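I have placed the structure first, in the form of structure tokens, so that the comments after it can refer back to it.
There are 2 protein chains.
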Amino acid sequence: MCELMGMSAFRATDVNHSLELLQPRGGEIGPHADGWGVAFYDGRAARIFKEPIPASESRCLSFIASHCYQSRVVVGHIRKANPARFGRATANTHPFCRELGGRSWVFAHNGKLPGIDQARFHPHRFQPIGDTDSERAFCYLMDRVAEHWSGGGAPPPDRLAGWLSEPIAALSELGIFNMLLSDGDNLVVFANERLHALHRDCDEGGQEQHVLLLATQPLTDEPWRPVELGVVHVARDGDFVVPAGASTLTAVRAGG
Amino acid sequence: MCELMGMSAFRATDVNHSLELLQPRGGEIGPHADGWGVAFYDGRAARIFKEPIPASESRCLSFIASHCYQSRVVVGHIRKANPARFGRATANTHPFCRELGGRSWVFAHNGKLPGIDQARFHPHRFQPIGDTDSERAFCYLMDRVAEHWSGGGAPPPDRLAGWLSEPIAALSELGIFNMLLSDGDNLVVFANERLHALHRDCDEGGQEQHVLLLATQPLTDEPWRPVELGVVHVARDGDFVVPAGASTLTAVRAGG
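Order-wise, the sequence lines are chains X and F.
What the first sequence shows, in the working numbering, is residues -4 to 251, in sequence order.
What the second sequence shows, in the working numbering, is residues -4 to 251, in sequence order.
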């Protein structure tokens, strides 16, 4: 099994601290020793760093974690190859990326999807480069989005959630499916087993800031909450906007 | 104007020395201060590093140049934003990448293509993420490849050259068009103004090795040759295989 890390923010910020906390889980204190990857969005374009080696041994990840890449959306992953036949290779390392409608779309998955080889999930326009069930699932989702959308601004979050609702449910029936998918504005969040969220609402140099962090396991001793299982969430600008009422910001404010 | 760097090799090797030679040209001794990028292929998947900052100031590029990434195909670029309206941004930084047929395709361009906005070059399946004429040209070429090929091994070099011959000629008529395009096996090389090639034929630990290097300007005092202008070349496994008779290996052997 793997570990996911994601961020949606109102203003561009870095995830150095989260990366530092995640890094030792990739091979040192955790078993996720087969690769790591992080996608940082710069507008509509994702810049992706990935290596098919343990995160805990990666000089490149250490470099990135100290480099203060500023971004509004980040998707990260550390990988335990499972099953082992999906070996260590760049092509099998998350996050995966495709262009659709003049944007980078990025995907990372934690879980297993036996049955992804069924005909209904066969790739069409978007084809896997590597061998993983995860990348096949990503291609299946992108084929579905392409049926509805071909560009011109980011899709509205509720429409994106609508297009993805049935295909995500179909994938979820196959096995463990905890995932992050982004177009650089929307961050689609789904879990059927385990994923945690933390909302930070703060002031950065006199400017309002909201940050939503996602991680398989809480990375700090702050009040992380489990993401509701089986529900397609979409985060934007640092908080959940789909489904209506899922806002952690509202919940925190209401609770005092 | 920008500078290109490319490599095709028979066996995976690193390009550390070439990157070290290229780096100061991006802002220090050369004017190409608006970004840099390098794509290393690992099988069918490209791993791309890029930053919209001067190569000469990049800690990331220094890190990569010392990291010994092994690859059989490399495409690199340092960028001078031109015209200036195509600003500094990840989305405007080469090399660009798209998936087609389960492979990463990578493209870098040196030159200017006024007239790329004409209707005949409008993007269809592949759409630009950034603002550059270069990425539009890449999308136009990928749309043409997709008309002929949808996956299953790399395209044969002569067929790939055939599909690209007319679209490359059309782009070449617009302005300066020196470019590198790869699918991880084939490296398509075209210049209508300036590009140099160097072939190294050597023995690496008792194993045969052939390396073909491409660069806008010769990077060393070895016998670099100008690439023949206006001709679509395809390199594979460390030497030109298209057009027939373009092999630098044959030429060196015949001459030596």
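The C-beta atom is built at its ideal place from N, Cα and C for all residues, glycine as well.
Note that the structure is a prediction, hence the values are computed from the model and not measured.
Item, Value
"Reducing DSSP to helix, strand and coil, say where F:SER61 ends up.", "coil"
"Return the chain-ordered ranges of every beta strand (DSSP E) run that is complete within the region 90 to 119 of chain X and spans a minimum of 3 residues.", "91 to 95 and 98 to 107"
"Going by C-alpha to C-alpha distance, which of X:GLU94, X:HIS104 and X:TRP100 sits closest to X:ASN87?", "X:HIS104"
"Could you give the distance in angstroms between the alpha-carbon of F:GLY233 and the alpha-carbon of X:ARG189?", "48 angstroms"
"Report the rounded CA-to-CA distance for F:GLU52 versus X:LYS107, giving the unit in angstroms.", "42 angstroms"
"Alpha carbons only, please: which of X:GLU130, X:SER129 and X:ASN181 is nearest the one belonging to X:TYR36?", "X:ASN181"
"So, is the C-beta of F:ILE111 closer than 8 angstroms to a C-beta in chain X?", "no"
"Name, please, each residue of chain F whose Cβ falls closer than 7 angstroms to the Cβ of X:SER123.", "Looking at the sequence itself, residue 123 of chain X is Pro, so the reference to Ser does not match. Those within 7 angstroms of X:PRO123 in chain F are GLY97."
"DSSP has X:LYS45 in a bridge; who is on the other side?", "X:GLY32"
"F:PHE185 and F:LEU227 - do their beta-carbons sit closer together than 8 angstroms?", "It should be pointed out that residue 227 of chain F corresponds to Val in this sequence rather than to Leu. Yes, the pair counts as a contact, with Cβ atoms nearer than the cut-off."
"Could you tell me which residues DSSP puts in a beta bridge with F:GLU203?", "F:ASP198"
"Kindly indicate which three-state DSSP category X:PHE260 falls into: helix, strand or coil?", "Nothing can be reported for residue 260 of chain X: it is not among the residues displayed for chain X, which extend from -4 to 251."
"Do the CB positions of F:TRP31 and F:ALA4 come within less than 8 angstroms of each other?", "no"
"For F:SER167 versus F:GLY110, is the C-beta distance shorter than 8 angstroms?", "no"
"Starting from the beta carbon of X:ALA84, find every residue of chain F whose beta carbon is closer than 9 angstroms, and list them in chain order.", "ASP37, GLY38 and ALA40"
"With a 10 Å radius around its C-beta and 16 neighbouring C-beta atoms as the bar for buried, classify F:PRO162 as buried or exposed.", "buried"
"Kindly indicate if chain X contains any beta-carbon less than 8 angstroms away from that of F:ARG93.", "yes"
"Using a Cβ distance threshold of 8 angstroms, determine whether the region 91 to 101 of chain F contacts the region 143 to 157 of chain F, with at least three qualifying pairs required.", "yes"
"Quick one: residues in its chain with C-beta nearer than 7 angstroms to the C-beta of X:GLU15, no 5 flanking neighbours on either side, listed in chain order?", "ALA60"
"Which residues, in order along the region 146 to 177 of chain X, keep a beta-carbon less than 8 angstroms from a beta-carbon of chain F?", "GLY146"
"Of all the options F:ALA165, F:HIS194, F:TRP219 and F:GLU203, which has the alpha carbon lying nearest to the alpha carbon of F:GLN113?", "F:ALA165"
"Using C-beta distances below 8 angstroms, list every residue in its chain close to F:ARG220, excluding the 5 sequence neighbours before and after it, in chain order.", "HIS191, ALA192, LEU193 and THR243"
"For a quick check, are the C-beta atoms of X:PRO152 and X:ASP138 less than 8 angstroms apart?", "no"
"Quick check on the DSSP output: what are the complete beta strand (DSSP E) runs of length 3 or more inside the region 212 to 240 of chain X, in order along the chain?", "228 to 231 and 234 to 237"
"Rounded to a whole number of angstroms, what is the C-alpha to C-alpha distance between F:MET174 and F:LEU(-1)?", "8 angstroms"
"If you compare alpha carbons, which of X:PRO213, X:ALA84 and X:GLU199 is closest to X:ARG20?", "X:PRO213"
"Note down, in chain order, each residue of its chain lying with its Cβ closer than 6 angstroms to the Cβ of F:ARG195, except the 5 sequence neighbours on either side.", "VAL206"
"In chain order, what residues of the region 51 to 62 of chain F put their CB closer than 8 angstroms to some CB of chain X?", "ARG54, CYS55, PHE58 and HIS62"
"Cβ closer than 8 angstroms: which chain F residues qualify as neighbours of X:LYS45?", "ARG42"
"Around the C-beta of X:PHE235, are 16 or more other C-beta atoms found within 10 angstroms, so that it is buried, or is it exposed?", "buried"
"Run the CB neighbour count on F:HIS12, radius 10 Å, all protein chains shown included, and call it buried at 16 or more, exposed below.", "exposed"
"Please classify F:SER160: does DSSP put it in a helix, a strand, or coil?", "helix"
"With 16 as the cutoff for other CB atoms within 10 Å, does X:GLN202 come out buried or exposed?", "exposed"
"When DSSP labels each residue in this structure, what does F:THR127 get in the three-state scheme?", "coil"
"F:GLN18: which of F:ASP9, F:ALA7 and F:VAL33 sits nearest, CA to CA?", "F:VAL33"
"Compare the C-beta of F:ARG6 with all C-beta atoms of chain C and state if any pair is closer than 8 angstroms.", "The question asks about chain C, but that chain is absent: this structure's protein chains are X and F."
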